Amino acid sequence: MSISNKKPIGNCEEVFNTYGDLLFRLCFIMLGNEADAKDAVQDTVVSYLRKKDGFKNSAHEKAWLITTAKNKCRDIFRFKFRHREINIDDLQELLPDKTDTDIIEVLMSIPEKYRLVITLYYIEGYKVNEIAEIIRKTPSTVKMRLQTGRKMLKEIYLKGGF
Amino acid sequence: MDYENLKISARKIVMSDETKEELIKNCEKMMAVKNMNKQKNIVKRIIVTAAVSVCLGCTAAGAAYHGFFKDIIRYDGTVVGTKYEQATNEIKVSVMADAEKITVVVEAVDPSAFPYAAFDSLKLNDYKIVDSNGKTVIDSLPTEMSDYADGKAEMTVPYQNLDNGDYTLIIKSFTAASKGDQPLVISGEWEIAFTV
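Protein sequences appear in the order of chains A and B. Per this note's numbering, the first sequence runs over residues 6 to 167. Per this note's numbering, the second sequence runs over residues 7 to 202.
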């Protein structure tokens, strides 16, 4: 039996203030455009607000949100499988500096499963074991994905002449 | 590729204030709709429960007014007979008493209805006579089968040494019989006051 010490935040605004940017960043990198990212964040927050059980601690709460956001992204991704849209305009609007846009564009161009682990590891600062828990894979799978992802990023980076 | 730069660049992806406000509004709307649906479901459940209760109540009220057949079940579950219950409103009982005998007149409200049209003799089965102090003076003394015709039967209660006074006849059941059939116990509640 799990011990629930932390109750979910009941207020919508507070959820957005605490986790809004994290979720938006993750969903945007996963989906490649703002409209879909907003949908995924919205669905994630509604699921969170409807959750009745508490969390073990803040880390558990954050991990739950990331897992849910990832699943929501995957749902949208599946729905739009045949015509996935990476909107460069959205990206440029969010990151006016070309250096930033380029580097994120490279990240967005690698397959979803590698993108997720790279994002969680390098951007959100999670450890391999924590990522393994979030994506429900073994640590060695996460390590492999990190390795492959890095390799892909390097190739694209070099090819693109960034 | 410099992953520190990747982190710095990615961290610049933040929600604008307009987007945040829009999403907050949308989420609140979605939550309100979901809560409303939840309340609707609760109301639906209450209505269904109320409707079922009314139906059950009607059935119970109907059953209270009309008699019904019930199987007599032995300890091992075998059905060994049938009885007819809640016949209170289907039989009228009156008593005529004098110094020599107590005559009980039984009349079916609807003699053509089943089972009242199906038997030809009737007797008191479970009954008692109590005096004005509530003391039982006669308790289910065996009576003889009386002829039952056109929905009417007259039967006599055997008694000896019944003092003058006010009494109440309480009948719990009759036994009805017809040739070739197993006797049928008809249950109900009848109370008739009489004076000797």
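Glycine included, C-beta positions come from ideal geometry on N, C-alpha and C. This structure is a prediction, so every number in the text was calculated from the model and none was measured.
{"Check": "List, from N- to C-terminal side, the beta strand (DSSP E) runs of 3 residues or more that fit wholly inside the segment 58-127 of chain B.", "Outcome": "74-79, 85-91, 97-103 and 108-114"}
{"Check": "Using a Cβ-Cβ cutoff of less than 6 Å, which residues in the same chain neighbour LYS46 (chain B) once the five nearest sequence positions on both sides are dropped?", "Outcome": "none"}
{"Check": "For ASP153 (chain B), tell me which candidate among B:LYS13, B:LYS185, B:GLU195 and B:HIS72 has the shortest Cα-Cα distance.", "Outcome": "B:LYS185"}
{"Check": "Please report the residue range of the beta strand (DSSP E) in which THR124 (chain A) lies.", "Outcome": "Counting along the chain, THR124 (chain A) falls outside any beta strand (DSSP E), and DSSP gives it neither H nor E."}
{"Check": "Using 8 Å as the threshold, is the C-beta distance between LEU175 (chain B) and ILE192 (chain B) below it?", "Outcome": "no"}
{"Check": "Along the chain, where does the beta strand (DSSP E) that runs through VAL191 (chain B) open and close?", "Outcome": "190-201"}
{"Check": "List, in chain order, every chain B residue whose beta-carbon is nearer than 9 Å to that of TYR127 (chain A).", "Outcome": "TYR9, GLU10, LEU12, LYS13 and ALA16"}
{"Check": "Do you know offhand how far GLY171 (chain B)'s Cα is from LYS76 (chain B)'s?", "Outcome": "38 Å"}
{"Check": "Select from A:VAL20, A:ARG55 and A:ILE71 the residue whose C-alpha is nearest the C-alpha of TYR131 (chain A).", "Outcome": "A:ILE71"}
{"Check": "For LYS134 (chain B), collect the residues of the same chain with a Cβ closer than 7 Å to its Cβ; drop the 5 residues on either side in sequence, then sort them by chain order.", "Outcome": "THR142, ILE144, ASP145, SER146 and ILE176"}
{"Check": "With distances taken from CA atoms, which of B:SER100, B:GLU27 and B:THR84 is nearest TRP196 (chain B)?", "Outcome": "B:SER100"}
{"Check": "With DSSP as the reference, label ASN131 (chain B) as helix, strand or coil.", "Outcome": "strand"}
{"Check": "Under the DSSP definition of a beta bridge, which residues are partnered with SER114 (chain A)?", "Outcome": "Answer by DSSP bridge pairing: none, since SER114 (chain A) is not bridged."}
{"Check": "Would you call VAL58 (chain B) buried or exposed, if buried means 16 or more other Cβ atoms sit within 10 Å of its Cβ?", "Outcome": "exposed"}
{"Check": "Which residues of chain A have a Cβ atom closer than 7 Å to the Cβ of ILE30 (chain B), listed in chain order?", "Outcome": "CYS17, GLU18 and PHE21"}
{"Check": "Write down the C-beta distance between ILE30 (chain B) and PHE33 (chain A) rounded to the nearest angstrom, noting that I regard them as a contact closer than 8 Å.", "Outcome": "Their Cβ separation, rounded to whole angstroms, is 18 Å, which puts ILE30 (chain B) and PHE33 (chain A) out of contact at 8 Å."}
{"Check": "Hey, does SER63 (chain A) have any beta-carbon neighbour from chain B nearer than 8 Å?", "Outcome": "no"}
{"Check": "With a threshold of 8 Å, are at least 3 pairs of Cβ atoms found where one atom belongs to the segment 129-145 of chain A and the other to the segment 100-116 of chain A?", "Outcome": "no"}
{"Check": "Is it a yes or a no for the segment 17-35 of chain A touching the segment 52-72 of chain A, going by three-plus beta-carbon pairs under 8 Å?", "Outcome": "yes"}
{"Check": "Can you list, in chain order, the residues of its chain whose CB lies under 6 Å from that of VAL170 (chain A), leaving out five sequence neighbours each side?", "Outcome": "Outside the shown range of chain A (6 to 167) lies residue 170 (chain A), about which nothing can therefore be said."}
{"Check": "May I ask you to list the residues that DSSP assigns as paired with ALA182 (chain B)?", "Outcome": "B:LEU128 and B:LEU190"}
{"Check": "Where does MET149 (chain A) sit, in a helix, a strand or coil, going by DSSP?", "Outcome": "helix"}
{"Check": "Thinking just about the alpha-carbon of each residue, which of B:LYS107, B:ASP156, B:ALA105 and B:GLY83 is nearest to the one in PRO117 (chain B)?", "Outcome": "B:ASP156"}
{"Check": "Here's the rule I'm using: 16 or more other beta-carbon atoms within 10 Å means buried, otherwise exposed. How should LYS44 (chain B) be labelled?", "Outcome": "exposed"}
{"Check": "Would DSSP call VAL205 (chain B) helix, strand or coil?", "Outcome": "Because chain B here runs from 7 to 202, residue 205 (chain B) falls outside it and cannot be looked at."}
{"Check": "Pick from A:PHE84, A:LYS156, A:GLY37 and A:LYS148: whose alpha carbon is nearest that of GLU98 (chain A)?", "Outcome": "A:GLY37"}
{"Check": "Give me, in chain order, the residues of the same chain whose beta-carbon lies closer than 6 Å to that of ILE170 (chain A); leave out the 5 immediate sequence neighbours on both sides.", "Outcome": "With chain A represented from 6 up to 167, any question about residue 170 (chain A) goes unanswered, as that position is not in the structure."}
{"Check": "Take ILE91 (chain A) and list the residues in its own chain whose beta-carbon comes closer than 7 Å to its own, dropping the five residues that flank it on each side.", "Outcome": "GLY37, ASN38 and MET113"}
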